[in-house]
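Colleague: Going by our numbering, 254 is the number at position 242 of the sequence shown; the sequence numbering is gapless.
For every residue, glycine included, the Cβ atom is placed at its ideal position computed from N, Cα and C.
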Amino acid sequence: NNNSPEHADAAIQAVFDSGIRAVWAYGNANDEWLPVSDVPQSRDVLRIAGQWFTGRDQLVTLALAARGPQFATPEATVADLTLAREADIPVTVHVGDGAWGRSRPLLWLAGHGFADERTTYVHCNTIADDEFDIIAATGGAVSIAPELEMHMGHGRLATLRARERGIPTGLSVDVCTSVGGDLFSAMRAILAGTRYLPNIDALDAGIPLEPLPLRATDALAMATRDGARVAWLADRVGVLAPGLRADVILVRGDTLAMRPLNVPAAAVVESGHPGLVDTVFVDGVPVKRG
13 NNNSPEHADA
23 AIQAVFDSGI
33 RAVWAYGNAN
43 DEWLPVSDVP
53 QSRDVLRIAG
63 QWFTGRDQLV
73 TLALAARGPQ
83 FATPEATVAD
93 LTLAREADIP
103 VTVHVGDGAW
113 GRSRPLLWLA
123 GHGFADERTT
133 YVHCNTIADD
143 EFDIIAATGG
153 AVSIAPELEM
163 HMGHGRLATL
173 RARERGIPTG
183 LSVDVCTSVG
193 GDLFSAMRAI
203 LAGTRYLPNI
213 DALDAGIPLE
223 PLPLRATDAL
233 AMATRDGARV
243 AWLADRVGVL
253 APGLRADVIL
263 VRGDTLAMRP
273 LNVPAAAVVE
283 SGHPGLVDTV
293 FVDGVPVKRG
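As structure tokens, then:
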């Protein structure tokens with residue numbers, strides 16, 4: 013939601029000053045998101061790329077937050093996505109948002125040559141099964157904002173349809189004016205939201221649900237390893253492994269809220285919250301202690 017070049021510069025400066033690692037995705041002004049917009053993406057992203065994002069090893073990297081065929085005209089969508097390729101940056105685009113998502117957006121994107129491995133599709137609730145097949149076949153990724161999607165009536169969470177096809181699937185928040193902005197909440201929401209309907213089906217059928225369709229370790233991976241893949245950062249962060257950068261969060265385990273700690277991943281997912289984050293390293297540098 014960049015309402016002017018000055019807004020964009022200020023937002024980027026703030027992210028740089030914070031010391032975090034981030035992907036900063038350039039998006040349209042607020043009124044250009046009202047569907048269906050015929051205003052193409054501002055070419056100011058090319059200035060921003062040359063002014064702020066001159067090295068791949070920076071903590072903050074650039075992407076394009078395109079509106080896509082649900083929210084913009086075909087002509088504007090082609091202009092937006094062509095601009096991303098001109099800037100040589102990846103794309104995040106919303107698809108499958110409730111009734112809008114039934115317009116076959118993946119089929120349109122694939123038909124115009126814009127479905128590829130540098131695209132992350134946000135939500136995906138109401139896209140069809142063959143559209144998930146397109147994402148899998150073209151190497152794309154999915155980002156699910158579970159709490160927001162349930163609030164806004166986007167449709168069934170896309171968790172299982174994406175995962176059963178091996179599509180990298182991460183977590184997002186979407187609207188911090190509507191739901192909390194932390195991924196602890198998102199992990200709990202994805203765990204509960206993904207289990208809810210299969211549990212109802214099993215209850216109605218009078219059978220136990222075994223195995224559970226999503227485990228706490230899966231939710232934790234979506235916020236870490238798979239989240240890095242979705243954000244085009246898997247070659248740098250997401251897991252603790254030799255050769256990757258040391259982005260590390262230490263969560264306190266010595267509180268009653270985290271007991272019992274017999275399954276640490278489950279404790280982090282089901283009981284963790286931002287107040288328990290004791291220490292943060294970004295690229296090996298401590299940015300928070302105690």
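1) Taking DSSP as the reference, what is the three-state secondary structure of P298?
2) Quick check on the DSSP output: the beta strand (DSSP E) that includes L195 runs from which residue to which?
3) Note down, one range per segment and in chain order, each beta strand (DSSP E) of at least 3 residues found wholly within the region 98 to 156.
4) If you run the structure through DSSP and keep just helix, strand and coil, what is I24?
5) Is the number of C-beta pairs between the region 244 to 259 and the region 186 to 206 that are closer than 8 Å three or more?
6) For A148, tell me which candidate among H163, L119, G167 has the shortest Cα-Cα distance.
7) In the structure shown, what three-state DSSP assignment does L288 receive?
8) Check whether the Cβ atoms of L232 and A277 sit closer than 8 Å, and answer yes or no.
9) Quick check on the burial criterion: 16 or more other C-beta atoms within 10 angstroms. Buried or exposed for N137?
10) If we call anything under 8 Å between Cβ atoms a contact, is P96 one with D50?
11) With G152 and A111 assumed to form a contact (beta carbons below 8 Å), what rounded beta-carbon distance in angstroms separates them?
Modeller: A quick look at the data gives this:
1) strand
2) From DSSP, L195 is part of no beta strand (DSSP E) but of the alpha helix (DSSP H) over 195 to 217.
3) 103 to 107, 131 to 135, 153 to 156
4) helix
5) no
6) L119
7) helix
8) yes
9) buried
10) The amino acid at residue 96 is misidentified as Pro; the sequence shows Ala. No, they are not a contact pair.
11) So it is not a contact: roughly 22 Å between Cβ atoms.
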